[in-house]
Amino acid sequence: MLFRFQDRLLRTLYPVRPAAGWLLWLGILSFPALFAVAVFRPQTDTGLLFIGLVCGLSVVLFGILVSMSRPEAAPKQGLSNRLRRFWEGLVFWGWLACLVLVASLAMKIVSFSS
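The sequence shown: position 113 = 114 (this note's numbering), numbered continuously.
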């Protein structure tokens, strides 16, 4: 069931594939921007910097996920297809873990600030 969800998502993201390069650059450039903010504004909350770091990582993983999207389901036979499905699963579940981490950190920050 979970791999069917992954397959459906990869097929759904196929029309967005031309934006994969932009997503990757946005995610990659967010890391130096966060370090610049940390250097020039040391009073910035470290929780917000960590959320920004995880958001940048999730944008990079989403860019990789979009670049791996395909118009049809991948065949299950052959070693290269199995390795491709393993790599897709690794990136997909890493991206999902980043999203869960961002959501949980955001909920903690909102609950502590109020």
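Heads up, the beta-carbon is just placed ideally off N, CA and C, and yes, glycines get one too.
In this structure, the straight-line span from the alpha carbon of G48 to that of R9 is close to 34 angstroms. By the Cβ neighbour-count rule, L66 is buried, with 16 or more other Cβ atoms within 10 Å of its own.
Excluding sequence positions up to five before and after Q44, its CB lies less than 6 angstroms from no other CB in the same chain. Per the C-alpha coordinates, the member of R71, T13, A104, V111 positioned closest to R85 is R71. With a cut-off of 8 angstroms on Cβ pairs, the segment 86 to 97 is not in contact with the segment 50 to 57, counting fewer than three such pairs. In this structure, L106 and V61 do not form a Cβ contact; the two beta carbons are roughly 17 angstroms apart against a cut-off of 8 angstroms. In this structure, DSSP gives D8 a helical state, which the three-state scheme calls helix. Between S59 and L100, the gap from beta carbon to beta carbon is short of 9 angstroms.
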